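Data first, discussion second: the structure below is written as structure tokens.
Protein chains: 2
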Amino acid sequence: MAQTATTTTGTATTKKWVYLFHEGSADMRDLLGGKGAGCAQMTRAGLPVPPGFTITTEACNAYYQAGRQFPPGMWEQTLEALRVVEQQTGKRFGDPQNPLLVSVRSGAKLSMPGMMDTVLNLGLNDETVEGLARLTNNERFAYDAYRRFIQMFGRIVLEIPGERFDEAFEEIKREVGARQDTDLAAAALRRVVARFKAIVQEATGSPFPTDPYEQLRLAIAAVFRSWMGKRAVDYRNFYKIPHDLGTAVNVQTMVFGNMGDDSGTGVAFTRNPTTGAKELFGEFLVNAQGEDVVAGIRTPMPISKMAEVLPQAYQEFQQIARRLEETYRDVQDLEFTVERGKLYMLQTRAAKRSAAAAVKIAVDMVHEGLISREEALQRVEPAQVEQLLVPQLDEAVVEAARREGRVLARGLNASPGVAVGKAVFDPDRAETLAHTGEPVVLVRPETVPDDIHGLIVAQGVLTARGGMTSHAAVVARGMGKPAVVGAERVRIDLRDRSFSVDGRTVHEGDWITIDGTTGEVFLGQLPVHVPNLTELHDLNELLSWADNVRRLGVWANADYPRDAERARSFGAQGIGLCRTEHMFMEEDRLPLVQQMILAAPEAARVKRALGLDAHRSALRAARQRAEEQAGEPSLVATELAELEQRVAEAEAKLHADPAWQQYKAALDQLLPIQRTDFYGLLKAMAGCPVIIRLIDPPLHEFLPKHDELLVEATELRVRGNNPQRLAEVERLLAAVNALREANPMLGLRGCRLGLLYPEINEMQVRAILEAAVQLKREGVETHPEIMMPLVGNIEELRRLHAILGEVARAVEAEAGVTVDYKFGTMIEIPRAAFIADQIAELAEFFSFGTNDLTQTIFGFSRDDAEAKFLGLYLEEKILPFNPFQTLDPEGVGELMQIGVERGRKTRPELEIGICGEHGGDPASIAFCHRLGLNYVSCSPFRVPVARLAAAQAALADRQEPVARDR
Amino acid sequence: MAQTATTTTGTATTKKWVYLFHEGSADMRDLLGGKGAGCAQMTRAGLPVPPGFTITTEACNAYYQAGRQFPPGMWEQTLEALRVVEQQTGKRFGDPQNPLLVSVRSGAKLSMPGMMDTVLNLGLNDETVEGLARLTNNERFAYDAYRRFIQMFGRIVLEIPGERFDEAFEEIKREVGARQDTDLAAAALRRVVARFKAIVQEATGSPFPTDPYEQLRLAIAAVFRSWMGKRAVDYRNFYKIPHDLGTAVNVQTMVFGNMGDDSGTGVAFTRNPTTGAKELFGEFLVNAQGEDVVAGIRTPMPISKMAEVLPQAYQEFQQIARRLEETYRDVQDLEFTVERGKLYMLQTRAAKRSAAAAVKIAVDMVHEGLISREEALQRVEPAQVEQLLVPQLDEAVVEAARREGRVLARGLNASPGVAVGKAVFDPDRAETLAHTGEPVVLVRPETVPDDIHGLIVAQGVLTARGGMTSHAAVVARGMGKPAVVGAERVRIDLRDRSFSVDGRTVHEGDWITIDGTTGEVFLGQLPVHVPNLTELHDLNELLSWADNVRRLGVWANADYPRDAERARSFGAQGIGLCRTEHMFMEEDRLPLVQQMILAAPEAARVKRALGLDAHRSALRAARQRAEEQAGEPSLVATELAELEQRVAEAEAKLHADPAWQQYKAALDQLLPIQRTDFYGLLKAMAGCPVIIRLIDPPLHEFLPKHDELLVEATELRVRGNNPQRLAEVERLLAAVNALREANPMLGLRGCRLGLLYPEINEMQVRAILEAAVQLKREGVETHPEIMMPLVGNIEELRRLHAILGEVARAVEAEAGVTVDYKFGTMIEIPRAAFIADQIAELAEFFSFGTNDLTQTIFGFSRDDAEAKFLGLYLEEKILPFNPFQTLDPEGVGELMQIGVERGRKTRPELEIGICGEHGGDPASIAFCHRLGLNYVSCSPFRVPVARLAAAQAALADRQEPVARDR
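Going line by line, the protein sequences match chains G and A.
Residues in the first sequence are numbered from 544 upward in steps of one, following this note's numbering.
Residues in the second sequence are numbered from 544 upward in steps of one, following this note's numbering.
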């Protein structure tokens, strides 16, 4: 919290604008900025920080409010603080004998790297430079510092283009025949200083300010001004940082690591930021400045070597590092300088770290009693968890491959992990090869739903086209398979079964390795490292803490038993979405599915012409009336008999129809296949809920592609040499045309199919119930949940609920066994959310289909948007993020809230989850937590991610500070 | 309001279940039903109504609550009432000397025609029939009444299948050699009675009940029971009538019109229901019963002839008719019987009437001081207004055509009115022929957007496929052109340029007449009657009253000046939607538009590669900063100069690019064309607001069709004889493929096009502003409103607003003239409604695009839904109505409400309208009124409809009773 105070200066009482380091503390970031608060904290802790002070962010804001004038009293307080620093250092500002030099740096509350300005060596002029030379006994050092100062000050404070100094410097180097900066001797540097001063005179019309106080005043103003500079404003707009935070200004005594072999400079981490091991880790350079470490002119030594070179400073540094870690209760990234044997701390901040290190450090620190379990959970990014679980290439392997020129291309890292296999170019071939035990990588220009059997058997997928949410990307992520998509330089020749990149060609059967974590594609078989949750002890422990904290359940989307098993091993508590259509796409079923689809429209037409549904529903109504009404039983009986006869007659006619027979035969063959599918899935998830979605996609997706048929038909027609095949193709084409839609996403699919062709849903429900019955007899507990997709008005659900409920009860009655099943719906059409109160009267659970909700709420067809304009929208920040990856709270989120409120109003115990792509996205998981959903469902590999993200969301909710572990 | 009372019967005080006719009144419909309240009102007014009484609807409900038992006291009250009726008639129930016969009829609050049961002649048995014979001196009459009674009672009360009586009756007719019922003499009828009684004995196991009180008791119970009969329950479910209203039972003295030449029966209207003329209009039959009029055995005489036959009764009837009209203040539909010279009124109810009559009667009654203007407005159905305005075929013409066998086919009446013209089968040919002055009717299997030029020149359109909201139907309604769509028996042969129906063939150039009001298609030129609003004085007067009452503005959707003029003549107060893309489809523009589209992607790519937009927006931002910030002007100037140079360089490179040149050349040629378009439209609507929507549809709609190109390319490839054309077609195909989308409705269109290709929108805005400038110079006042389609997030609007605002200001600056223009948006994406508060910060008006909102809220692609499943949904009542015709209040409506509330919160004066198809639908207009919109916009021909509907919506709002006219 910003602390403000007043101070008495001269005669007037004014606000306190300036804090000496020892007056501040770590919790004053708002007022002192990150850097200022860090130095204050270190100073307060008695660490050797070069003395200095901080001008507050409030002063910056006051500066702007006053029309770019220092607020009253600020300058006076600055001078007072400078006096104290002089006393602390024994040096004096502007004193030619023993000059105090300072750095002037910006430091906002939030880090804005490189966005604002810094001036070093301030206080130098023609006199003090001589003093510095004398004191250091190093004229070259002093003049180098001086020319650097003029250059920096000129560019930053006086806003003279930097090139002018650079050009002049290069000129002098040419004049004296110097190759590198370090080749310049003191005399040459004096010439540089003179030339730089002339540049300043010329550019500003005034001489370079030699008065150190004038230098300081201008430098402070320049830092304030940099807060509203174009770069900084753009940066804050981009990151949505408020413009009124202001920046603090830090004025600090300069220390020099380049004053001889008893000096040096270094950077270090308090623990290994790659492995997380508890050891000092960093680099050190003797007789050098920070810049030299960065420039890479000299190779630094490992920090441990410092123990030999500067043993005393090293020991002190070790102790300080330990203390800072304890103070900040996190791994620190430290900067320090040793000036003539004396250690100075310049910066401390939380260290960036690898995924593995983040997990290990968090868990270790809990065991060390340094942080609580809850804090540990907040120290790891959910995305880091994912990185730990996918197959990986060790860095050494990648580097070797690069050296050997094995890198073929780079695409989008659509689904993490590494896949190694033989390149294949069509899904059928992939299946054939895979069945012989060969690992394959499917390579396609892009994938479509009926490539699914190829994706299923492949180790991974590489496409030349498509974005992060293209079919290949989504399906691969769903399956936890590595994918590199949109590798645009890959040219695929499907006829030749090969692809080439820049003249290099990969043929079918050649080995390739794709890294979905980085997007790289390699030639050949690279060795892969595959982690495993149980072997990752630290992660396992962390996630077990997460499970104790989170309120959201974490379920997985899985269509096959093997995916369900994997999800379970990752901690999934249920299956939130089993897409039955994926099962239909498999090779052995597709012909049956196609037979069913081709016969369905005519079969349905015949059935409707017979009025069978009307007769049946009349019969159902009459039976219900018969139950409800005691009176006139004989009359009702007459009516019932009549209706029963009508139904029987219509059924007999229907069963004699050839289209119906074909349709029914296909369904009858699909029933045992689906029963086996569900048996496997329910068994793998024994004891857990399993949501099975009834058939959803438009039927044409199961048929051959329209354009291919049209081309073949046209070719056959022109050639005229195969009338038989032509007739066949034309028949297929007519069927595909009849199913074709202008906007299939908004067309005949989901429950609309169920209403037109109820027999398909009936078969699926029967298969589910029969599988559950079988398992119950085997002593396996199951909780199947039957989900209707695309419901948008209550009558759709009411009718399906009646028809399918009858099937379920019939199976139970036949078997004499009851099954613990539920009926529920997707909420994926905006209208469904509006009428959620009505839907909840029948539905026992809701599952938000946020992919479709995003499509309809935004009016974005996912495939089209990605290909045509979403790239532009994201690039130009028309949209702040891809709404197909992260839930849009303003539109989709508000509608979800409406759905949750209304659904729970009708049925307070309603089970509500989400099964879209968003279920694995941490920001979206946090949103779902706040909405009060029961669970999120995501792809198996994202389950650990979701467990952590759900825990973090729960922690973000808590108001009270959490207790320490132990 | 239901009035309830109690009455004292014997010892206990019970509820009043029975009302004598003189105890009730017209406002007791809830309690007495429609028929009971009507008889009560007539009785109370002293009219000659056969005495009787009504058992209340509450008694019916109590009957069910008591487990199908009469409630306590009801039967006693019935007997008491019967005593009073005996006194009134001088007859006695069951008295063989002077028997009272009654009818027992159901009568619910709401009319449920034919759904419930009636028993006539109740009270007859073997003794009373003899009395009736003696009294009427007509044995045949008496026994005919008796056998009818047993038959009716048997079927309705005893539930014996009616066929058994019918068969027995036919048997006796055969036995006695009678051809018709009337051939049966009294003796034969006695045999019928005996046979009928045997049937009853056989079917029920008991003899026919001879006790009149038992008959009455059973009949009342049967009427109560019929309320819950299958037919009635189904009917109420269908019409959503509550099941707990109950039915009343009316018991009324029988009167007979068949007692000789001083008797008769008739029906009449108090005014002519076809023309509205103030004259008695109806039919009368001497010596006949109501059944005879219905059966059509004898030809009835016009009611006026009754003056000659039964002058006294006629005079009395005239007076009564006048009194009833005055009492009910509406035209009445009357039933009456004259028994031996005495007039009895049996029924009075509001008369059904033609559209013309409805308007004339309403206006006349205001002038007569009978009703107020407000009441008059509520007496006309909005749909009737539409019927009056479209070109029409006089009934005589249609009948003649039918006689001559000119009726070819029948389709859906998609857009009302009659079109006469020569059949043409493609839009180009339509244009050619029309340009020679020939009227044409476009005949197509179905239409697509680029048939538009054919639709524009055609008198009307006939399609073989498509539903009420197919492209042809929507466009034709929009243009006010007659359309018959989905005429499935019409087989079109496009190659032969002909269509045939059942063997008859119509070739190109043959005359046909289509009636979009009825859906009929005729061969040849039928004479047409075209009404005109100014000549329809009554309608004009009525609509002027509507204008004084309504709060909603009524605007029109019009793309061309001639449509705008027509809309204005119908009373439109503005243009709510001008679809600029329709202009692009016209023959002279299409090549330019195609050139623009083909070059646009590459031109945009080049522009993006040059970073021109980024440079320009940086420059814009810098200019803004320069304006806002006084400080450091020299520094800003430097930055400005640098940015200006960058922009200039990028522009120079862009202008040298060939794709850009092609793109720009097309735009430059389109500019003056669009300017002329807008000039005409703004001039036609001088002084009124005109909303012009910037280009909206996906670009591929302007290009040749994909499948046709694919077929041609394949053919050319196989034949290999025209490589030049092949290359051309393949180039086009590639371009079309690049623009092709999986779901174009959710793809690259609307403002997304504007962001990708801003130059198109810029051209359009320039054309609008330049047209307005030109008109201002000519002294014409204009109010153009520029509308951005498909906005879904605020950045889209912010950017377009900036770019296009700049263009508008530039035109104003160039001309030195200001234009009163507005910028606004469609709200047609659900997300737009959610963020309406943000949108309203920039948008000065909203226009709800309810077609697209319906598509996205329901997840229905309109074309696909109509073709694939919406028919089933409506037929099976899965949806209660077609949401593309009538606004869905639950989903779309709630979202609109959100949009209105949030939009007005930000900008209270926000102008909000609706421009979807719904703008012309009365139910939707009422909804828009309640939402508080400013206006509805509809097709020109629906403007008068909307004026009336808006007035009715406003009246429905008023709570206070309205004052009478004069």
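All C-beta atoms, glycine included, are put in the ideal place defined by N, C-alpha and C.
Only a predicted model underlies this, so the values are computations on that prediction, with no experimental measurement involved.
Original post:
Helix, strand or coil: which one does DSSP assign to tyrosine 1478 of chain A?
Top reply: As a first step, residue 1478 of chain A must be located in the second sequence, where it is residue number 935. Correct three-state label for tyrosine 1478 of chain A: strand.
Subject >> Residues near valine 1033 of chain A by beta carbon distance below 6 Å, same chain, minus five either side >> reply: Locating residue 1033 of chain A in the second sequence gives position 490, where the first residue counts as 1. Ala952, Ala1007, Phe1042 and Val1044.
Original post:
For threonine 597 of chain G, does the three-state DSSP call read helix, strand or coil?
Top reply: Taking the first residue of the first sequence as 1, we reach residue 597 of chain G at position 54. The answer is strand: DSSP assigns threonine 597 of chain G an E or B state.
**OP:** Drop a sphere of 10 angstroms on the beta-carbon of asparagine 1075 of chain A, count the other beta-carbons inside from all chains shown, and report buried for 16 or more, exposed for fewer.
**Re:** As a working mapping, residue 1075 of chain A is identified with position 532 in the second sequence. Classification of asparagine 1075 of chain A: exposed, given that the 10 Å Cβ count is below 16.
Original post:
What is the DSSP secondary structure of lysine 1411 of chain A, reduced to helix, strand or coil?
Top reply: Residue 1411 of chain A sits at position 868 when you count from the first residue of the second sequence. Lysine 1411 of chain A falls in the helix class under three-state DSSP.
Original post:
Counting contacts by CB-CB distance shorter than 8 Å, is lysine 1196 of chain G in contact with chain A?
Top reply: Counted from its first residue, the first sequence places residue 1196 of chain G at position 653. It does not: the Cβ of lysine 1196 of chain G has no partner Cβ on chain A nearer than 8 Å.
**OP:** Select from G/Ala1315, G/Leu889, G/Gly1117 and G/Ser1480 the residue whose C-alpha is nearest the C-alpha of cysteine 582 of chain G.
**Re:** Residue mapping note: residue 582 of chain G aligns to position 39 of the first sequence, counting from 1. Measuring from the Cα of cysteine 582 of chain G, the nearest candidate turns out to be G/Leu889.
**OP:** For glutamate 1339 of chain G, decide whether its Cβ has a neighbour in chain A, counting only Cβ atoms nearer than 8 Å.
**Re:** Against the first sequence, residue 1339 of chain G aligns to sequence position 796. With 8 Å as the cut-off, glutamate 1339 of chain G counts as an interface residue toward chain A.
Original post:
Quick check: the segment 1413–1430 of chain A against the segment 1490–1498 of chain A, are there 3 or more CB pairs under 8 Å?
Top reply: no
Original post:
Going along chain G, which residues have a C-beta under 9 Å from proline 1287 of chain A?
Top reply: Here residue 1287 of chain A refers to the residue found at position 744 when the second sequence is read from its first residue. The contacting residues are Ala1285, Asn1286, Ser1404 and Asp1407.
Original post:
With 8 Å set as the bound, which would you pick, yes or no: does the beta-carbon of leucine 1183 of chain G sit closer than that to a beta-carbon of chain A?
Top reply: Start at 1 with the first residue of the first sequence, and residue 1183 of chain G comes out as number 640. Chain A contact via Cβ: absent.
Original post:
How long is the line joining the alpha carbons of glutamine 744 of chain G and proline 750 of chain G, rounded to whole angstroms?
Top reply: For the purposes of this step, residue 744 of chain G is taken as the residue at position 201 of the first sequence. For the purposes of this step, residue 750 of chain G is taken as the residue at position 207 of the first sequence. Computed Cα separation, rounded: 5 Å.
Original post:
The alpha helix (DSSP H) spanning valine 662 of chain A covers which residue range?
Top reply: Looking up residue 662 of chain A in the second sequence gives position 119. No alpha helix (DSSP H) holds valine 662 of chain A; the beta strand (DSSP E) holding it covers 661–665.
**OP:** Kindly provide the ranges of any alpha helix (DSSP H) runs that are 4 or more residues long and lie completely inside the segment 987–1063 of chain A, ordered along the chain.
**Re:** 995–1000 and 1014–1022
Original post:
Closest by CA to isoleucine 1400 of chain G, which one among G/Ala1499, G/Met695 and G/Ile1372?
Top reply: As a first step, residue 1400 of chain G must be located in the first sequence, where it is residue number 857. Isoleucine 1400 of chain G has its Cα closest to that of G/Ile1372, out of G/Ala1499, G/Met695 and G/Ile1372.
**OP:** Determine the chain A residues that contact glutamine 1398 of chain G at a beta-carbon separation under 7 Å, and present them in chain order.
**Re:** Here the question's residue 1398 of chain G lines up with position 855 in the first sequence. By Cβ distance, chain A contributes Leu1289.
Subject >> Validate contact between the segment 1229–1247 of chain G and the segment 1123–1136 of chain G using beta carbons, cut 8 Å, 3 pairs >> reply: yes
Original post:
With a cut-off of 8 Å, does the C-beta of glycine 1174 of chain A fall near any C-beta of chain G?
Top reply: By one-based count along the second sequence, residue 1174 of chain A stands at place 631. Below a pLDDT of 50, predicted positions are generally treated as unreliable, and glycine 1174 of chain A, at 46, falls in that range; no measurement from the model is reported.
Original post:
Would valine 1443 of chain A pass as a contact of threonine 1397 of chain A if the rule is Cβ separation under 8 Å?
Top reply: Within the second sequence, residue 1443 of chain A is the residue found at index 900, counting from 1. Within the second sequence, residue 1397 of chain A is the residue found at index 854, counting from 1. No, these two residues do not count as a Cβ contact at 8 Å.
Subject >> valine 852 of chain G, enclosing alpha helix (DSSP H) - first and last residue >> reply: Your numbering for residue 852 of chain G matches position 309 in the first sequence. Valine 852 of chain G -> alpha helix (DSSP H) spans 849–852.
Original post:
Is the distance from the Cβ of glycine 1062 of chain A to the Cβ of valine 1027 of chain A below 8 Å?
Top reply: Numbered from 1 along the second sequence, position 519 holds the residue referred to as residue 1062 of chain A. Numbered from 1 along the second sequence, position 484 holds the residue referred to as residue 1027 of chain A. Yes, the pair counts as a contact, with Cβ atoms nearer than the cut-off.
**OP:** Evaluate arginine 1236 of chain G with the Cβ neighbour count: other Cβ atoms within 10 Å of its Cβ, from every protein chain shown; 16 or more gives buried, anything less gives exposed.
**Re:** On the first sequence, position 693 is the one that residue 1236 of chain G refers to. It counts as buried.
**OP:** Return the chain-ordered ranges of every beta strand (DSSP E) run that is complete within the segment 854–912 of chain G and spans a minimum of 3 residues.
**Re:** 875–882 and 885–893
Original post:
In chain order, what residues of the same chain lie with their CB nearer than 7 Å to the CB of leucine 1276 of chain G, ignoring the 5 residues before and after it?
Top reply: Residue numbering aside, residue 1276 of chain G sits at position 733 when the first sequence is read from its first letter. Result list for leucine 1276 of chain G: Leu1252, Leu1253 and Ala1256, in chain order.
Original post:
Checking contacts by CB at 8 Å: is lysine 895 of chain A closer than that to chain G?
Top reply: Walking along the second sequence from the start, residue 895 of chain A turns up at place 352. False, the Cβ-Cβ gap to chain G never drops below 8 Å.
Subject >> Beta-bridge pairing of leucine 1066 of chain G - partner residues as DSSP gives them >> reply: In the first sequence, residue 1066 of chain G corresponds to position 523, counting from 1. Answer is G/Ile1055.
Subject >> Any chain G beta carbon closer than 8 Å to threonine 621 of chain A >> reply: In the second sequence, the residue the question calls residue 621 of chain A occupies position 78. It does not; no Cβ of chain G falls within 8 Å.
Original post:
To the nearest angstrom, how far is it from the Cα of glycine 705 of chain G to the Cα of aspartate 724 of chain G?
Top reply: Locating residue 705 of chain G in the first sequence gives position 162, where the first residue counts as 1. Locating residue 724 of chain G in the first sequence gives position 181, where the first residue counts as 1. So the two alpha carbons sit approximately 17 Å from each other.
**OP:** Would you mind sorting leucine 653 of chain A into buried or exposed? The rule is 16 or more other CB atoms within 10 Å of its CB.
**Re:** Looking up residue 653 of chain A in the second sequence gives position 110. Exposed, since its Cβ has fewer than 16 Cβ neighbours within 10 Å.
Subject >> Residue span of the alpha helix (DSSP H) that contains threonine 817 of chain A, given as start and end >> reply: Position 274 of the second sequence, counted from the first residue, corresponds to residue 817 of chain A. Counting along the chain, threonine 817 of chain A falls outside any alpha helix (DSSP H), and DSSP gives it neither H nor E.
Original post:
To which residues does DSSP link histidine 1326 of chain G through a beta bridge?
Top reply: Residue mapping note: residue 1326 of chain G aligns to position 783 of the first sequence, counting from 1. In the DSSP output, where bridge partners are listed per residue, histidine 1326 of chain G has G/Pro1232.
Subject >> Residues sharing a beta bridge with arginine 953 of chain A, DSSP >> reply: To locate residue 953 of chain A, count along the second sequence from 1; it is residue 410. Arginine 953 of chain A pairs with A/Glu1063.
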